[in-house]
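Down below is the structure, laid out as structure tokens.
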Amino acid sequence: MSTIDAERAHTSGLYPKSDIQIVRGLAAHVWDSTGREYIDCMAGWGVAILGHCHPDVVSAIRSQAATLITCPESVYNDRRGELLARLADIAPDGLDRCFLCNSGTESIEAAIKFARLTTRRPGIIATVNAFHGRTLGSLSATWRPKFREPFGPLVPGFGFVQFDSLDEMDEVVNDETAAVLLEPVQGEGGVRPCSPDYLRGLKEICQARGALLVLDEVQTGMGRTGRMFACEHYGVAPDILCLGKGIAGGVPMGAMLLGPRIPEPPHSVHASTFGGNPLACAASLATINAICEQDLARRAARLGAWFVKQLRGLDSSKIRDVRGLGLMIGIELQVSATSCVSALQERGILAMTAGPNVLRLLPPLVIEQSDLLEVVQALREILAE
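For the sequence shown, the numbering used here assigns the number 1062 to the initial residue and increments by one for each residue that follows.
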């Protein structure tokens, strides 16, 4: 039985799959079982922030795997302690404590619980088109009905207002609001950055009314947008910052960073069996150090600005808008984004959608400009057809 046949026979059926089998990766390229090479602008939904098999991450994983793979947080660990100090070093001011977990969704779940624990309030305000995950709590803060409706009733206490509307947020944040939960750049919602005045005004509203500001930087963090964290573009430090995806260079990991408005919680009120394991911590340390030492956030800002300029220069009637920050790019189309993804794959480029008509590109921060130029040329041909 082939790999594809085995997956078809025994997988859950949750995932629509392209009919290719990826077996190897290096930097911003992957290869399928036939030996065909692809430029990877999907990067595992943004996980492969340093590309595939980055030598520093590979070396860190190998060394740690031969030393100690798992170690619970009921005892101290050298690699965990090193990572916690490193995260505090790179985080926005005041976010100097951290809960380590295994994914971005887990970090959102923890943030919801910590917000309610801290404020003793039930309400969580999210935004239209928000995506915060698929577990029950994070799904309750996710807007799109197709994700929510099969699993109702969801967790009570959640509400939604229009993204980037400070007036609407001003109307709904009250003394029952534990937190406002926001993506600085909506990912699944169409790659839409918020405005600087919005985020700054939102921080003021939350502080004035005793609510917490929780930023979901699962997709935007770790240099993706041209700064280590997207909130740095706006000069706003949240009360809680949620991370995941690229934080460990491809190894499953999440983190919740805590600011000074969050008191130390009672022991054992929340936990994670695998959270903070030495293997993931070693991979995360290697990832963070590579991003900083190679100045990859600044590189993402430069390459992203050039890439957006090239995409806007396509001047196609099928393009409504090109937007994003750094190497987080959305192309809003007049045609189906899914068909565009399929056409790109035929030309050796992997991409994904952000809704029915937005093509989303999340290439590794190490991608070469020549690769991005190939993407532009492929899109020129596709949109001309």
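Ideal Cβ positions, reconstructed from N, Cα and C, are used throughout, including at glycine. All values reported here derive from a predicted model rather than from experimental measurement.
What does residue i pair with, by DSSP beta-bridge criteria?
i     : result
R1158 : L1319
A1088 : H1113
H1187 : Residue 1187 is actually Ala in this sequence, not His. Per DSSP, F1221.
E1098 : W1092
M1389 : L1386
Q1247 : R1253
C1303 : D1277, M1317
I1083 : D1093
I1380 : L1394
DSSP three-state label for residue i, please.
i     : result
I1410 : strand
E1325 : coil
E1229 : helix
V1396 : coil
Y1259 : helix
D1066 : helix
I1122 : helix
V1234 : coil
L1420 : strand
G1134 : Looking at the sequence shown, residue 1134 is not Gly but Glu. Note: E1134 maps to coil in three-state DSSP.
A1415 : coil
K1207 : helix
L1426 : coil
A1269 : helix
V1193 : Inspection of the sequence shows that residue 1193 is occupied by His rather than by Val. DSSP places H1193 in coil when its eight states are reduced to three.
G1282 : coil
L1375 : coil
V1369 : helix
S1201 : helix
V1402 : helix
K1264 : helix
R1288 : coil
L1357 : helix
A1127 : coil
L1075 : coil
A1362 : helix
A1309 : helix
The alpha helix (DSSP H) with residue i in it runs from where to where?
i     : result
A1240 : From DSSP, A1240 is part of no alpha helix (DSSP H) but of the beta strand (DSSP E) over 1238-1243.
L1434 : 1430-1445
I1352 : 1339-1354
D1150 : 1139-1151
P1214 : From DSSP, P1214 is part of no alpha helix (DSSP H); its letter is neither H nor E.
F1335 : That residue, F1335, is in no alpha helix (DSSP H); it is neither H nor E in DSSP.
I1173 : 1165-1180
G1105 : 1104-1107
Would you check whether the ligand ZN has a heavy atom nearer than 7 angstroms to the C-beta of residue i?
i     : result
Q1082 : Absence of the ligand ZN from the depicted structure is noted, as is the absence of any ligand whatsoever, leaving it without description.
Using the Cα positions of residue i and residue j, report the straight-line distance between them to the nearest angstrom.
i     : j     : result
M1317 : E1446 : 46 angstroms
I1428 : L1388 : 10 angstroms
N1138 : T1128 : 12 angstroms
L1260 : H1294 : 10 angstroms
G1271 : S1073 : 43 angstroms
Q1355 : M1062 : 44 angstroms
K1174 : A1361 : 33 angstroms
L1346 : G1107 : 18 angstroms
S1403 : V1252 : 20 angstroms
C1102 : P1206 : 27 angstroms
R1097 : I1083 : 9 angstroms
P1313 : T1281 : 16 angstroms
D1117 : T1286 : 22 angstroms
P1254 : G1262 : 15 angstroms
A1088 : P1425 : 8 angstroms
F1212 : G1198 : 11 angstroms
L1161 : V1091 : 30 angstroms
L1215 : G1248 : 22 angstroms
A1109 : A1070 : 28 angstroms
T1180 : S1377 : 50 angstroms
So, is the C-beta of residue i closer than 8 angstroms to a C-beta in chain D?
i     : result
I1349 : Protein chain content of the structure displayed is limited to a single chain, and chain D is not contained in it.
Is there contact here, the segment 1416-1424 with the segment 1387-1399, by at least three beta-carbon pairs under 8 angstroms?
The segment 1416-1424 is in contact with the segment 1387-1399.
At least three beta-carbon pairs within less than 8 angstroms, the segment 1339-1359 to the segment 1139-1159
Below 8 angstroms, enough C-beta pairs join the segment 1339-1359 and the segment 1139-1159 to call them touching: three or more.
Is it a yes or a no for the segment 1314-1332 touching the segment 1113-1126, going by three-plus beta-carbon pairs under 8 angstroms?
With a cut-off of 8 angstroms, the segment 1113-1126 and the segment 1314-1332 do not count as touching, because too few Cβ pairs lie within range.
Check whether the segment 1156-1165 touches the segment 1176-1191, taking contact to mean three or more Cβ pairs, one atom from each stretch, closer than 8 angstroms.
With the cut-off at 8 angstroms, the segment 1156-1165 and the segment 1176-1191 do not touch.
Hey, is the segment 1329-1339 in contact with the segment 1213-1228, meaning 3+ C-beta pairs nearer than 8 angstroms?
Between the segment 1329-1339 and the segment 1213-1228 there are fewer than three inter-stretch CB-CB distances shorter than 8 angstroms, so the stretches are not counted as touching.
May I ask you to verify whether the segment 1302-1313 touches the segment 1269-1286, counting CB pairs closer than 8 angstroms and requiring at least 3?
Counting Cβ pairs under 8 angstroms, three or more are found: they touch.
Would you say the segment 1198-1214 touches the segment 1227-1241, given that touching needs at least three Cβ pairs under 8 angstroms?
Taking a cut-off of 8 angstroms on C-beta distances, the segment 1198-1214 does not touch the segment 1227-1241, as fewer than three cross pairs fall below it.
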